[in-house]
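Report on the structure given below.
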Amino acid sequence: GEQVEQLPSILRVQEGSSASINCTYENSASNYFPWYKQEPGENPKLIIDIRSNMERKQTQGLIVLLDKKAKRFSLHITDTQPGDSAMYFCAASGASGSWQLIFGSGTQLTVMP
Amino acid sequence: AQTIHQWPVAEIKAVGSPLSLGCTIKGKSSPNLYWYWQATGGTLQQLFYSITVGQVESVVQLNLSASRPKDDQFILSTEKLLLSHSGFYLCAWSLVGAEQYFGPGTRLTVL
């Protein structure tokens with residue numbers, strides 16, 4: 029089946045620095061790319077998303093970039109804080125439509141004070 | 611404002627026993643509804659989706675079934691639990707072509 033590859037699986041950064049997570053997808057028809065943040069024992073929360081008609085989107089210290097040619101998208105967290113420590117998942121819509129989301133394997137981000 | 615509720619919060623069940631998990635969404639008319647499964651420390655796997663009452667599509671076969679008896683209700687069930695069914699079950703909703711939002715989840719332990 030379709031896959032979304034997410035790297036790195038573990039990421040440790042110093043407080044105040046930037047963190048970057050990269051994802052690649054297989055289906056050129058994918059047109060929707062959300063990012064979720066999940067804290068231990070909690071449900072995933074949508075933090076930012078981008079659609080295929082955009083190359084960049086920014087909100088509250090988060091930047092998402094989309095390179096459709098390379099089938100690659102990335103999340104950049106600027107000025108990281110300890111509260112940013114969590115599991116992050118990328119996802120891409122599947123061939124069957126925008127209802128279908130295929131998730132990456134997740135990145136465990138730790139922001140060290 | 612919309613609210614999504616899942617029940618039970620947690621469940622411990624024996625292998626071979628039946629299971630029923632529920633999800634209700636209030637404040638949205640005719641949402642798309644989804645069931646996801648997450649193994650401990652794992653990624654999110656979409657199991658089922660439903661666009662309308664009475665209609666459910668299976669995404670992956672895990673010896674589970676789903677039903678949508680009402681516009682605001684989605685049920686996940688099985689007659690016989692396996693050890694591999696343990697994990698975190700999440701219900702999600704969206705409007706057509708829009709973002710998916712997750713419910714609080716049900717943690718299932720099968721012994």
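Sequence lines, in order, name chains A and B. The first sequence begins at 29 in our numbering and counts up by one. The second sequence begins at 611 in our numbering and counts up by one. Glycine is no exception: its CB is placed at the ideal position from the N, C-alpha and C atoms. Computed from a predicted structure; not experimentally measured.
L657/B sits buried, since 16 or more C-beta atoms from the chains shown fall within 10 Å of its C-beta. Around the beta carbon of A611/B, fewer than 16 other beta carbons lie within 10 angstroms, which makes this residue exposed. At a cut-off of 9 Å, the C-beta of I661/B has a neighbouring C-beta in chain A. Within chain B, the residues Q656, Q710 have their CB atoms less than 7 Å from the CB of L129/A, given in chain order.
Contacts between F117/A and chain B, judged by CB atoms closer than 8 Å, involve T653, L654 in chain order.
Within chain A, no C-beta atom comes nearer than 7 Å to that of N673/B; the closest sits roughly 18 Å away. Here M140/A really is in contact with R40/A; their C-beta atoms are around 6 Å apart, less than 8 Å. Under the 9 Å criterion on CB atoms, V669/B is classed as interfacial with respect to chain A. At least 9 Å separates the CB of G111/A from every CB of chain B. When C-beta atoms of the region 684 to 696 of chain B are compared with those of the region 68 to 86 of chain A, fewer than three pairs fall below 8 Å, so the two segments do not count as touching.
Excluding the 5 residues flanking it on each side, Q648/B has same chain C-beta neighbours closer than 6 Å at L654, G697, F698, in chain order. Taking the beta carbon of P72/A as reference, the chain B residues within 8 Å of it are L654, L700, F712, listed in sequence order.
Excluding the 5 residues flanking it on each side, S687/B has same chain C-beta neighbours closer than 8 Å at P628, L629, S630, L631, L674, S675, A676, S677, in chain order. Neighbours of P62/A across chain B, judged by C-beta separation under 8 Å: E709, Q710. Judged by DSSP in its simplified three-state form, L693/B adopts helix. Excluding sequence positions up to five before and after Q665/B, its CB lies within less than 8 Å of the CB of R678, all in the same chain and listed in chain order.
For S133/A, the chain B residues whose Cβ falls inside 9 Å of its Cβ are G652, T653, in order along the chain.
Bridge partners of A98/A according to DSSP: none are assigned.
Chain order gives no chain A residues near G637/B, where near means a beta carbon separation below 7 Å; the closest approach is about 17 Å.
Taking 9 Å as the threshold, the shortest C-beta distance from D77/A to chain B falls below it. In this structure, the beta-carbon distance from K623/B to L721/B falls below 9 Å.
Counting only runs of 3 or more residues that sit fully inside the region 623 to 659 of chain B, the beta strand (DSSP E) segments are 629 to 636, 642 to 648, in chain order. For D77/A, the three-state secondary structure derived from DSSP is strand. If you compare the alpha carbons of T108/A, P36/A, R100/A with that of L90/A, the shortest gap goes to T108/A.
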